[in-house]
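Heads up: the protein sequence lines correspond to chains A and B, in order.
39 is the number of the first residue of the first sequence in our numbering; add one for each residue after it.
40 is the number of the first residue of the second sequence in our numbering; add one for each residue after it.
A virtual CB, placed ideally from N, CA and C, is assigned to each residue, including glycine.
The structure displayed is predicted, hence computed values, not measured ones.
Structure first, then comments.
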Amino acid sequence: MAVDKDTVTRIARLARIQVPDADRAPLAAELSNILGWIEQLGEVDTEGVAPLASVVDMKLRWRADAVDDGFIPDKVLANAPDHHDGFFAVPKVVE
Amino acid sequence: MSLIDGRTGAWEIVIGLEVHAQVISEAKLFSGAPTAFGAEPNTQVSLVDAAMPGMLPVINAHCIAQAVRTGLGLDAEINRVSVFDRKNYFYADLPQGYQISQYKQPIVGRGTIAIELPSGETRSIGITRLHLEQDAGKSLHDQHPSLTYVDLNRSGVALMEIVSEPDIRSADEAAAYLGKLRSILRYLGTCDGNMEEGSLRCDVNLSVRRPGGALGTRCEIKNVNSIRFVRQAIEYEARRQVEVIENGGTIEQETRLFDSAKGVTRSMRSKEHAHDYRYFPDPDLLPLKLAEDFIETIRRTLPELPDAKKRRFVSAFGLGAYDADVLVAEKETAAYFEAVVDARDGTPRRDPKIAANWVTGELFGRLNEARLDIARSPVAAPALGGLIALIADGTISGRIAKDVFALMFETGKDAAAIVAERGLKQVTDTAAIEAEIDKVLAANADKLAEYRSGKDKLFGFFVGQVMKATQGKANPGAVNDILRKKLAG
Numbered sequence: 039m040a041v042d043k044d045t046v047t048r049i050a051r052l053a054r055i056q057v058p059d060a061d062r063a064p065l066a067a068e069l070s071n072i073l074g075w076i077e078q079l080g081e082v083d084t085e086g087v088a089p090l091a092s093v094v095d096m097k098l099r100w101r102a103d104a105v106d107d108g109f110i111p112d113k114v115l116a117n118a119p120d121h122h123d124g125f126f127a128v129p130k131v132v133e
Numbered sequence: 040m041s042l043i044d045g046r047t048g049a050w051e052i053v054i055g056l057e058v059h060a061q062v063i064s065e066a067k068l069f070s071g072a073p074t075a076f077g078a079e080p081n082t083q084v085s086l087v088d089a090a091m092p093g094m095l096p097v098i099n100a101h102c103i104a105q106a107v108r109t110g111l112g113l114d115a116e117i118n119r120v121s122v123f124d125r126k127n128y129f130y131a132d133l134p135q136g137y138q139i140s141q142y143k144q145p146i147v148g149r150g151t152i153a154i155e156l157p158s159g160e161t162r163s164i165g166i167t168r169l170h171l172e173q174d175a176g177k178s179l180h181d182q183h184p185s186l187t188y189v190d191l192n193r194s195g196v197a198l199m200e201i202v203s204e205p206d207i208r209s210a211d212e213a214a215a216y217l218g219k220l221r222s223i224l225r226y227l228g229t230c231d232g233n234m235e236e237g238s239l240r241c242d243v244n245l246s247v248r249r250p251g252g253a254l255g256t257r258c259e260i261k262n263v264n265s266i267r268f269v270r271q272a273i274e275y276e277a278r279r280q281v282e283v284i285e286n287g288g289t290i291e292q293e294t295r296l297f298d299s300a301k302g303v304t305r306s307m308r309s310k311e312h313a314h315d316y317r318y319f320p321d322p323d324l325l326p327l328k329l330a331e332d333f334i335e336t337i338r339r340t341l342p343e344l345p346d347a348k349k350r351r352f353v354s355a356f357g358l359g360a361y362d363a364d365v366l367v368a369e370k371e372t373a374a375y376f377e378a379v380v381d382a383r384d385g386t387p388r389r390d391p392k393i394a395a396n397w398v399t400g401e402l403f404g405r406l407n408e409a410r411l412d413i414a415r416s417p418v419a420a421p422a423l424g425g426l427i428a429l430i431a432d433g434t435i436s437g438r439i440a441k442d443v444f445a446l447m448f449e450t451g452k453d454a455a456a457i458v459a460e461r462g463l464k465q466v467t468d469t470a471a472i473e474a475e476i477d478k479v480l481a482a483n484a485d486k487l488a489e490y491r492s493g494k495d496k497l498f499g500f501f502v503g504q505v506m507k508a509t510q511g512k513a514n515p516g517a518v519n520d521i522l523r524k525k526l527a528g
């Protein structure tokens, strides 16, 4: 699969990563190489093989429905650039 | 089906609903922070919910059980293996930058809901799927002129997204579907159904087409948060789409917002911002596998659901379909009614039809006036049962019973106490009634003569006079019988 410059622009936007225009074409070539390399896996015949979610034999861990966390608003807000009255305060995002 | 009359002919509305139902649980879907409504901002937040680097989600077993329970209640397929995916988008109240949701492999597959329409007709609406996902935080846009305030208390709370097939054809059907789904969730105890607090939220997908024709392009209307608003949004949006098409335009697939103040929908996100969620399996979470005995244990504890309860009320108690619907809609009402009827070994101790009339008539009327819900009724179910028993055994008349009920509602005392205290016991002693009738006839000799000369409409007048003289306590049947004889002379 080849990635073109427009695709790079689109996914950069979706990921909120600023990529200067001059870097987009080289980035498209690099990403295309990476994807091409991964696509080699398509050569392996996986007919009838179930998808593998983990390489070790583990089960999803379940927790009991018990409150054992929270009540740490100071820690939650500690890294916020701005907060008022216990709320995170961010630039207005209403449409 | 209800069609819209357009300028160029009839149009059919095609609707699918996506309902987000907050799971009843103590802790969140992937963290141990509490879920209670109305706490101080950012107090019910763990570092997982705040998406601090390195924090890992661990799934809440009870939320899984609640989703399975709901699936069983919707008569749906339970998927033995389901997968959590990341749905990627940026918004100020979504600290992870993605929502953990389920995309291609949800926990619950196809099911159905039967809805009752105002016409009395029943329709079956398909459920496409139910999946588990995290709620986002809450943004407040009106607290500061240039800032948005964000509260993460809701961030990470478990939601069930329940998606219907595009089987719904009118605002009435949409309202019936939402009401029925809410009722089932409340019976199951998996969601409290409180639309005001946002425990149940609805998105409407709507398109129009020529009756039976190819599907049109749909618009999604977000966050329509009451059954009344669902009706309004559907009626407005259907008309809007018909107008656009009839004026030669085309419907763009888009997300619209319902403005409840104006009763209109408006475009919410412009096309260049069209969402591309880039779902992929969450690498922090292995597939969710359910054992047969886990599912069977839940199946064994399912309560009687509204449809089954309605059938029983009709077959065992002889209620009409309408009364049965009214009584089963809220599980608290159904429980109250059953406590009034007090059936033991299948034999009701109070007449179920009379009990239904009292519950849906006097009780609902008083509760409405007092703005109380049935759980907080000053007249408990056994007390209303006691009142009905006093009518049945002839202690009081039906007319006096309404006064007694009013006093019970005000004072919280039981019926027998009020009847004894106020001397309201019905007079069935025929000699006493005869004496009263004689007095009334003597005092109204002119009317008596008129009656005897053929003006038999005056019978009602005499009954009224006798009841007045006995303060309503005379047994109406006895009054009628004796009066008729005496009037005949």
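Output needed in chain order: residues of the region 312-333 of chain B with a Cβ under 8 Å from some Cβ in chain A. Residues passing the 8 Å Cβ filter: Asp315, Arg317, Pro320, Leu324, Leu325, Pro326, Leu327 and Lys328.
Reduced DSSP secondary structure (H/G/I, E/B, other) of cysteine 258(B): Sequence index remark: in the second sequence, residue 258(B) carries index 219 (1-based). Cysteine 258(B) falls in the strand class under three-state DSSP.
Using the Cβ count rule (16 or more neighbours within 10 Å means buried), how would you classify glutamate 155(B)? The count along the second sequence starts at 1 and reaches residue 155(B) at position 116. Classification for glutamate 155(B): buried.
Is DSSP giving lysine 43(A) helix, strand or coil here? Locating residue 43(A) in the first sequence gives position 5, counting from the first residue. In this structure, lysine 43(A) counts as helix in the three-state DSSP scheme.
Proximity of aspartate 174(B) and glutamine 105(B) at Cβ, strictly below 9 Å: If you number the second sequence from 1, residue 174(B) lands on position 135. If you number the second sequence from 1, residue 105(B) lands on position 66. For aspartate 174(B) and glutamine 105(B), no; Cβs fall outside 9 Å.
Return helix, strand or coil for leucine 276(B), following the three-state DSSP convention. Counting from one through the second sequence, the residue named residue 276(B) turns up at place 237. Sequence check: residue 276(B) is glutamate here, not leucine. Helix, per DSSP.
Taking 9 Å as the cut-off, decide whether the C-beta atoms of alanine 127(A) and valine 189(B) are in contact. Walking along the first sequence from the start, residue 127(A) turns up at place 89. Walking along the second sequence from the start, residue 189(B) turns up at place 150. Contact flag set, yes.
Does serine 209(B) pass the burial test, meaning 16 or more other C-beta atoms within 10 Å, or should it be called exposed? Translated into positions along the second sequence, residue 209(B) becomes position 170. Buried, by the Cβ-count rule.
Helix, strand or coil: which one does DSSP assign to threonine 167(B)? Taking the second sequence and counting its residues from 1, one reaches residue 167(B) at position 128. Reduced to three states, the DSSP call for threonine 167(B) is strand.
Which class does isoleucine 207(B) belong to by DSSP, given the choice of helix, strand or coil? As a first step, residue 207(B) is located in the second sequence; it is residue number 168 there, counting from the start. Residue state, collapsed to three classes: strand.
Thinking C-alpha only, which one of Asp59(A), Phe125(A), Glu81(A) and Ala63(A) is nearest leucine 115(A)? For the purposes of this step, residue 115(A) is identified with residue 77 of the first sequence, where counting begins at 1. Closest by alpha carbon: Phe125(A).
Round the Cβ separation of leucine 325(B) and isoleucine 103(B) to the nearest angstrom and send it over; I've been treating them as touching at under 8 Å. Numbered from 1 along the second sequence, position 286 holds the residue referred to as residue 325(B). Numbered from 1 along the second sequence, position 64 holds the residue referred to as residue 103(B). Not a contact, Cβ separation roughly 13 Å.
When the cut-off is 9 Å and only beta carbons count, does lysine 310(B) lie next to chain A? By one-based count along the second sequence, residue 310(B) stands at place 271. Since pLDDT at lysine 310(B) reaches only 47, below the 50 mark, its modelled position is unreliable, and no value is offered.
Output needed for leucine 133(B): all residues of its chain with C-beta closer than 6 Å, excluding positions within five of it in sequence on either side, in chain order. Your numbering for residue 133(B) matches position 94 in the second sequence. Only Ala175 meet the Cβ criterion.
If the cut-off is 8 Å on Cβ atoms, which residues from the region 90-107 of chain A count as contacting chain B, listed in chain order? Taking 8 Å as the Cβ-Cβ cut-off against chain B, the residues of the region 90-107 of chain A that qualify are Ala91, Ser92, Met96, Lys97, Leu98, Arg99, Trp100, Arg101, Ala102, Asp103, Ala104, Val105, Asp106 and Asp107.
Tell me the rounded alpha-carbon separation between valine 52(A) and aspartate 315(B). The count along the first sequence starts at 1 and reaches residue 52(A) at position 14. The count along the second sequence starts at 1 and reaches residue 315(B) at position 276. A small fix is needed here, since residue 52(A) is leucine in this sequence, not valine. Their Cα atoms are separated by approximately 8 Å.
Write down every uninterrupted run of the beta strand (DSSP E) in the region 217-262 of chain B whose length is 3 residues or greater and which is fully enclosed by it, in chain order. 239-248
Three-state secondary structure (DSSP) of arginine 193(B): As a first step, residue 193(B) must be located in the second sequence, where it is residue number 154. The answer is coil: DSSP assigns arginine 193(B) none of H, G, I, E or B.
Chain B within 9 Å of lysine 43(A), Cβ atoms only: Taking the first residue of the first sequence as 1, we reach residue 43(A) at position 5. Not an interface residue.
Would you give the residue range spanned by the beta strand (DSSP E) that aspartate 298(B) belongs to? Counting from one through the second sequence, the residue named residue 298(B) turns up at place 259. DSSP places aspartate 298(B) in the uninterrupted beta strand (DSSP E) bounded by 294-298.
Pair within 9 Å by beta-carbon distance, isoleucine 207(B) and leucine 56(B): On the second sequence, residue 207(B) is found 168 positions in, with the first residue counted as 1. On the second sequence, residue 56(B) is found 17 positions in, with the first residue counted as 1. Yes, the pair counts as a contact, with Cβ atoms nearer than the cut-off.
Kindly list the residues whose CB is nearer than 8 Å to the CB of glutamate 311(B), restricted to its own chain and excluding five residues on each side of it in sequence; keep chain order. Walking along the second sequence from the start, residue 311(B) turns up at place 272. Only weak support exists for where glutamate 311(B) lies, its pLDDT of 47 falling under 50; the value from the coordinates is given anyway. So the list is empty, once near-sequence residues are dropped.
Exposed or buried, histidine 180(B), counting other C-beta atoms within 10 Å across all chains shown (16 or more means buried)? By 1-based counting over the second sequence, the position of residue 180(B) is 141. Exposed, because fewer than 16 other Cβ atoms sit within 10 Å of the Cβ of histidine 180(B).
Go to histidine 101(B), then tell me how far its beta strand (DSSP E) extends in each direction, as first and last residue. Position 62 of the second sequence, counting from 1, holds the residue named residue 101(B). It is not in any beta strand (DSSP E) - histidine 101(B) instead sits in the alpha helix (DSSP H) that spans 100-112.
How far does the beta strand (DSSP E) with arginine 317(B) in it reach, from first residue to last? The sequence position of residue 317(B) within the second sequence is 278, counting from 1. First-last for arginine 317(B): undefined, no H or E at that position.
Looking at the structure shown, is lysine 310(B) part of a helix, part of a strand, or coil, going by DSSP? Translated into positions along the second sequence, residue 310(B) becomes position 271. Confidence at lysine 310(B) is low in this model, with a pLDDT of 47, below 50, so the placement of that residue should be treated as unreliable; the coordinate-derived value is given next. If DSSP states are grouped into helix, strand and coil, lysine 310(B) belongs with the helices.
So, are the CB atoms of valine 53(B) and serine 246(B) less than 9 Å apart? As a working note, residue 53(B) is residue 14 in the second sequence. As a working note, residue 246(B) is residue 207 in the second sequence. In this structure, valine 53(B) places its C-beta atom within 9 Å of the C-beta atom of serine 246(B).
For alanine 215(B), which residues of its own chain have a beta-carbon under 7 Å away from its beta-carbon, when the five flanking residues on both sides are left out? Here residue 215(B) corresponds to residue number 176 of the second sequence, with the count starting at 1. The residues are Ile154, Glu155 and Leu156.
Please classify methionine 96(A) as buried or exposed, where buried requires at least 16 other C-beta atoms within 10 Å of its C-beta. Numbered from its first residue, the first sequence carries residue 96(A) at position 58. Classification for methionine 96(A): exposed.
Could you check if glutamate 401(B) is buried or exposed, using at least 16 other CB atoms within 10 Å of its CB as the buried criterion? Along the second sequence, one-based indexing puts residue 401(B) at 362. Answer is buried; the Cβ neighbour count reaches 16.
Spatial distance of aspartate 346(B) from phenylalanine 319(B) (CA atoms): The residue labelled residue 346(B) in the question sits at position 307 within the second sequence. The residue labelled residue 319(B) in the question sits at position 280 within the second sequence. For aspartate 346(B) and phenylalanine 319(B), the distance between alpha carbons rounds to 39 Å.
Is the shortest distance between the beta-carbon of arginine 48(A) and the beta-carbons of chain B less than 9 Å? Numbered from 1 along the first sequence, position 10 holds the residue referred to as residue 48(A). By this cut-off, arginine 48(A) is an interface position.
Rounded Cβ spacing between glutamine 141(B) and histidine 170(B) (contact assumed at less than 8 Å): Counting from 1 along the second sequence, the entry for residue 141(B) is found at position 102. Counting from 1 along the second sequence, the entry for residue 170(B) is found at position 131. Correct: roughly 4 Å between the Cβ atoms.
Report yes if the C-beta distance between valine 147(B) and leucine 113(B) is below 9 Å; otherwise report no. By 1-based counting over the second sequence, the position of residue 147(B) is 108. By 1-based counting over the second sequence, the position of residue 113(B) is 74. Yes, Cβ-Cβ distance for valine 147(B) and leucine 113(B) is below 9 Å.
Can you find a C-beta in chain B that's less than 9 Å from the C-beta of isoleucine 72(A)? For this step, residue 72(A) is matched to residue 34 along the first sequence. Closer than 9 Å: no.
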